[in-house]
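What follows is a set of notes on a single structure, which appears directly below.
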Amino acid sequence: MKRLAWTGFGTACVFLQGCSGWQSALDPKGPAASELAWLIWFFTALCAVIWVLVMIALATPLLMRPLARSEPLALDSGADRRKLRVVVIAVGLTAAIVVGLTLLSFFANRTLAAIGSDAALTIRVTGHQWWWEVRYEDATPSRILTTANEIHIPAGEPVRLLLTSTDVIHSFWVPSLSGKLDLIPGHINVLDIKADKPGVYRGQCAEFCGAQHANMGTFIIAEPRAKFDAWWNDQLQPAGPPASDEAKAGEDLFLSRPCVMCHRIGGTPAGGTVAPDLTHIASRRTLAAGTLTMSRGNLAAWIADPQGVKPGSHMPVVELNGDELNAIVAYLEGLK
Amino acid sequence: MRHGAAMFLFTLLTLAACQREERDTRPQSSLGSGEQPMPVTTLEPGGQRPSASDNKAASFEANAFHLSEGKRLFSWFNCSGCHANGGGGMGPALMDQKWLYGSSIENIHATIRDGRPKGMPSFRDKIPDDQIWELAAFVRSLSGNAPSSAAPQRNDDMMPHPSENRMPDAATLGKSP
Amino acid sequence: MSSADLTSERDLPPKRETASKGDLAPEPDGPRDTGMDDASLHRWLTRAWRTPPGIIGALSSVDHKVIARRYLITAFIFLCLGGLNAVAMRVQLSGPQRGLIGPDLYNQLFTMHGVTMMFLFAVPIVQATGIYLVPLMVGTRNIAFPRLNAFGYWIYVSGGAFAWISFLLNMAPDVGWFAYVPLSGPEFSPGKRADVWAQMITYTEVSSLAVAVATIVTVFKQRAPGMSLDKIPLYVWALLVTSFVVVFAMPAVMITSTFLILDRLVGTHIFNPAEGGDALLFQHLFWFFGHPEVYIIFLPATGMVSSIIPAFARRPTFGHLGLVLSLISVGFLSFGLWVHHMFATGLPKLGASFFTASSMLIAIPNGVQIFCWLATLWDGRPVIRTPLLFVFGFFFIFVIGGLTGVMLASVPLDLQVHDTYFVVAHFHYVLIGGSVFPLLGAAYFWFPKITGRMMSERLGRWHFGLAFIGFNAAFFPMHLVGLWGMPRRVYTYSAELGWGNINLFISAGAMLFFLSFVLFTFNLIHGALKGAPAGDNPWDAGTLEWATSSPPPSYNFTRIPIVTNVEPLWAERETLPVATGLRVDVRELLISTVAEAHPDIREKSATPSIWPLLAAIAVGATFLYSIFTPWAIVWGAVPIALTLVGWFWPKGDPEDEE
């Protein structure tokens, strides 16, 4: 009971606080989400007013003096006529509100469509069970960049996302920047996003996509243009040589063990395309599509027992002894 | 008596369904790391050589999840590069009843793990052992050797042959030259 | 009832039947109820209409009340099972990274919760209430096509058992109650789990369709003399509209699930983009059924509200005609707004906006209903009893659900809240508020009619309080957590997202809500065994079902009443006029004209038969077998044909003579 009360109090605090902000539709950080948040608040306020009015209308008869209606069919036709007038007015108001809201959402839709009309940067996001493949398109083929799960964008500029899937339907949703849009095999959907300020915005798959639907997170990292360009150039570089002997041993293990069957590391023979590109894995914030934060310990945990961390994911359990695990972790940790 | 029969039927049904529907993502097979040589044939001078068959290995091909994982890996690991969706190309066809190195799941597992002469590479250490079992189970299903209630169904891309659960049975497929 | 009303006898055309047969010898005619005294009438009618004794007799019953009672109890059991699913899910979600239930089981749990609640609880229970009440309300002796009705029940039970036994065998569908392809398609759903979904859906909808057809014919052709279209009770109107919606919506989902199993089992490419199919086709077909489905569940509940309110407001419903028209327009409009479930799929913007308009439009007829009910209550202080409390709960909750529905209808807004807990909150407000609360009210309201005993009023109030608080505590915070970014159908979430506390609160509310059902179950059992005797009309309500005894005899009415008003029992306080002239030695019904309900012809009603059960077993076995091989349809056709031949084989009963 005490715990419950405490929870209630905690909930109330959270209510007041508004939201955690990281992944919230009520904490907009871009023009689309701002428009939508405004729309949400407007609808909510209007609906609340209507609801209160209905509740007042419902409570009114309860507060009346008891009226002995012994004969149910003895009706006051004058009163019924007056009531009819009230009901007709109420229905008319409902119709007017409904038309108003329809127009409002129609124009909001147009505002949203206009946001990315001049997007200069196109990013192709492909959904996989249960991670995101991110490919930066460029007219120069050597500048095309493939990475995973984290999308860096220049702040203050509209960016066009081309959404598709190679397996089942996913849905791309970063609430503080924009509404969601599905990734459907055989379709390409276009979503334009824009972040007003630099920052990290979390998103998550919103269409049920199988066992690990819950752990299919993504991050949009908005940076100033210069920093973004530097990041892109950085990411285009192949992986550097291992820094230590241990890391060198790790590289050898990586290339001789199952890792190489699925993953790609630029600058090495590892060229698998069915799993996330690991060329700069250590520069990302999280592992396994937002499931674990990037750290040496989490890397080791993920590699040692992926099916414990994310049961059902396509990363298999690979038998490694302690030294081998340490070596591989040391190697991956160096892939900045 | 009737109750007993009903119970028995129910248990049977349960076991069949469980074996087919189980989705064990961490099978911990530890079956195949076995370094023992796998006989290619049961023909032996002086009688039958004991088969190294293990129930658990066979259970891979009664399990729908493992079979479908095997199918996914077959395409992910580019087995089609040589075996062309099972029809054969640079490598032998997999959807007939001709088995150069034995037809049991243990034989196929050994083939994938250790490689075979004239081109089949060894995937020892390149593919985790349970995935090799999954692949082996799938390869057998290509020629209709898995129960059709567990065998994979058609995939969502172009299919050059009937889906595995619609495969004619092994005898019908015959032996290709 | 007065036994001999001469005006009514004039209305009956006892000669017409023989006249239509031309010069043929007049058929041997049995005793009629004209001028017979009540005691011997009771003896004759009981002998003609009773359900035969023994197990075989019980299994071959075609009495609509017996079938409906079975339906109600079965649906209630499925409600409890679905509720237990929900409890398990709420325990898992009560904190971040709980390890109680893994993804594999969790996905089966939420799929079974949805499938059970939608297909095995909500639709069957509203239809079952209709099976019980519609024949009583229109004043007839049995539902139309009674054997088809019995067949529907057996199909429903076996479909439900099929789904739940699959769950016990670890082969329950795990692809969501909507089972979108490609996830439920051949490549991504190994095993038989999705096949179970597909066949079980096709299956239970057969029973739904059977009930709908029987209801429509009952309402159109079996109304008591004088019950012209403008005098049909609103509950019956609601069931009529619902049945039409069922007839047009259910085939869509049966086609969807059949396409799915064709893709999975036969290897067709209907939903495969690589071979010219389309994954979105599935969603269109599914939601073309899925949205009307919501109204299939909701409309009968509005009928219940329209029955409860007049009884306690002590006056007829205000705006009867407006309510009927809004029911019909909701029925039509429900087919024009399925796309609002698909706004996030990237449809053309103009097309999506059209569906915004049509989705918003449906708020108008629903508004008309709400306003008319409020106006009915305004005439004075209503008598506050448990059924009315649940109707108040309905207003409080359903209006919130309706208003959030308006929010979801807006394309841009929907893109933020689609597939989040906001939507979960919305549709639980609509479905629990709009349907379960009226159903609970209806349970208290009609329980005395069904059992002849009252449920405890005191426990009823406790039940209402607990359910109301539990429900709102469980579901209101879901709106917020949805807006804070929590998607649906996740089996866990990480602590840093900050959803932990509020989810704990939600889980506590859900437990409270579950407890309220435990209390309800106790009240049901207690009421059935020890409740105070109810009498024919404990609430002094006005519609025909209260004219007969509680529980009603197997033949429903000793004599067929004549209807002069929407609330005949209020208009004819002393004695209800009756029509006579029906045979009493065989099962005979009075068939009336569609619009004016003039007595038209006398028609026989089917006798008890075991064949519906046998046919249902044959159909059930075929469906079960068909998850393994498409040839099941061919082999299964043989036993189905045999049972149907047995079913329709002339037996020489008087009822079969024509």
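Chains as they are written, first to last, in the working numbering: chain A, 134 to 469; chain B, 132 to 308; chain C, 7 to 664.
Glycine residues also receive a C-beta, built at the ideal position from the N, C-alpha and C atoms.
Annotated as distal: THR235 of chain A and HIS261 of chain A, with beta-carbon spacing of 8 Å or more.
Beta-bridge partners of THR280 of chain A (DSSP): A:VAL267.
Not flagged as an interface residue toward chain A: ASP245 of chain B, since no C-beta distance is shorter than 8 Å.
Going by beta carbons, ALA216 of chain C and PHE157 of chain C fall inside the 8 Å limit. Secondary structure of ARG218 of chain A (DSSP, three-state): helix.
Residue range 254-261 is occupied by the beta strand (DSSP E) that includes THR259 of chain A. Across the segment 370-403 of chain A, CB contacts with chain B closer than 8 Å involve SER389, ARG390, PRO391, VAL393, MET394, CYS395, in sequence order along the chain. By the neighbour-count definition (other C-beta atoms within 10 Å, threshold 16), ILE61 of chain C is an exposed residue. With fewer than 16 other beta carbons inside 10 angstroms of its own, GLN370 of chain A counts as exposed. With a contact defined as Cβ atoms closer than 8 Å, LEU486 of chain C and LYS313 of chain A miss out at about 18 Å. Contact annotation: VAL231 of chain A and MET366 of chain C have beta-carbon atoms nearer than 8 Å.
ALA128 of chain C and PRO141 of chain C have their C-alpha atoms some 21 Å from each other. A direct Cα-Cα distance of roughly 25 Å separates PHE304 of chain C from VAL389 of chain C. Residue contact with chain C for THR193 of chain A: present (Cβ-Cβ distance below 8 Å to some residue of chain C).
Counting along the chain, the unbroken beta strand (DSSP E) around ILE607 of chain C starts and ends at 605-610. By the Cβ rule, the segment 197-208 of chain C does not count as touching the segment 349-362 of chain A, because fewer than three pairs are nearer than 8 Å. With respect to chain A, the C-beta atom of ARG157 of chain B has a partner C-beta closer than 8 Å.
Counting only the Cα atoms, GLY471 of chain C lies some 14 Å from ASN529 of chain C. A Cβ of chain C is located within less than 8 Å of the beta carbon of ASN242 of chain A. Excluding sequence positions up to five before and after ALA448 of chain C, its CB lies within less than 6 Å of the CB of MET310, all in the same chain and listed in chain order. Look at ALA355 of chain A here: in three-state DSSP terms it is strand. When rounded, the separation of the alpha-carbon atoms in PHE196 of chain B and PRO278 of chain B is 13 Å. In terms of beta-carbon proximity, LYS257 of chain B lines the interface with chain A, with at least one pair separated by less than 8 Å.
In the DSSP assignment, SER164 of chain C falls within the alpha helix (DSSP H) that extends over 152-174.
The Cβ neighbour count for GLN345 of chain A, taken over all protein chains shown within 10 Å, is at least 16; the residue is labelled buried.
GLY332 of chain A sits in a strand when the DSSP states are folded into three classes.
The beta carbons of ALA553 of chain C and ILE566 of chain C sit no closer together than 8 Å.
Put simply, the segment 267-275 of chain A does not touch the segment 308-325 of chain A. Fewer than three CB pairs are less than 8 Å apart. Closest option to PRO308 of chain A, judged by alpha-carbon separation, among A:VAL219, A:SER416, A:ALA170: A:ALA170. Beta-bridge analysis with DSSP links PHE305 of chain A to A:LEU314. Between VAL450 of chain A and chain B, the shortest Cβ-Cβ separation is below 8 Å. By the criterion of at least three beta-carbon pairs nearer than 8 Å, the segment 172-185 of chain C is not in contact with the segment 267-287 of chain B. Neighbours of SER280 of chain B in chain C, taken as residues whose beta carbon is under 8 Å from its own, are LYS198, PHE634 in chain order. Counting only runs of 4 or more residues that sit fully inside the segment 55-119 of chain C, the alpha helix (DSSP H) segments are 60-65, 70-99, in chain order. Per the Cβ contact rule, the segment 324-333 of chain A is in contact with the segment 279-288 of chain A (3 or more Cβ pairs under 8 Å).
Closest in alpha carbon position to PHE288 of chain C, among C:PRO239, C:TRP637, C:VAL345, C:GLY548, is C:VAL345.
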